[in-house]
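A.B. asks:
As structure tokens, this is what we get:
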């Protein structure tokens, strides 16, 4: 083949060179696109798994909170029920309660109650005027300045 024949062949099929270049470029682009698509699919799967895991953790936390709240309310109700006052309605109940350790501290024996009554009577027996003592607390001259009231 001569140079002239090669040049004539090149003039006739010049469009084949860009077409071959475009086909090679298309082949590399498709491989790159497939690689990127696979990367995006794997990232999307990982994010979906993380989101599902976070939702499960949130649901578990809500369940734990509900259990803790119901346990706390039950404990509070039990403690509140234990704090209810003991209503003593009969002398037998008082006697049996007074014989327990808690009853000894809460119930006073009769002689202590009488001792408190005697102390009250003794304290109030020393009160000379009863209700009349309150009149002396006010100064008779209400128009006087405060300094004169204190000095008198």
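In our numbering, the protein residues as written are 9 to 160.
For glycine and all other residues, C-beta sits at the position ideal for the given N, C-alpha and C.
Rounded to the nearest angstrom, what separates residue 125 and residue 78 at their Cα positions?
C.D. replies: So the alpha carbons of these two residues sit roughly 49 Å apart.
A.B. asks: When DSSP labels each residue in this structure, what does residue 159 get in the three-state scheme?
C.D. replies: Low per-residue confidence applies at residue 159: pLDDT is 46, beneath 50, and the placement is therefore not dependable enough to give any value.
A.B. asks: Between residue 29 and residue 10, what straight-line distance do the alpha-carbon atoms span, to the nearest angstrom?
C.D. replies: For residue 29 and residue 10, the distance between alpha carbons rounds to 26 Å.
A.B. asks: At the level of alpha carbons, what is the spacing between residue 91 and residue 134?
C.D. replies: Straight-line Cα distance between these residues: approximately 40 Å.
A.B. asks: Please report the distance separating the alpha-carbon of residue 35 from that of residue 21.
C.D. replies: Cα-Cα distance, rounded: 22 Å.
A.B. asks: Residues in the same chain with beta-carbon distance under 6 Å from residue 131, minus the five sequence neighbours each way, listed in chain order, please.
C.D. replies: None.
A.B. asks: Would you give the residue range spanned by the alpha helix (DSSP H) that residue 19 belongs to?
C.D. replies: Segment 11 to 20, the alpha helix (DSSP H) holding residue 19.
A.B. asks: DSSP on residue 107, reduced to helix/strand/coil?
C.D. replies: Coil.
A.B. asks: Whole angstroms are fine: how far does the CA of residue 51 sit from the CA of residue 39?
C.D. replies: Looking at the two C-alpha atoms, the distance is approximately 18 Å.
A.B. asks: For residue 91, name the three-state secondary structure that DSSP assigns.
C.D. replies: If DSSP states are grouped into helix, strand and coil, residue 91 belongs with coil.
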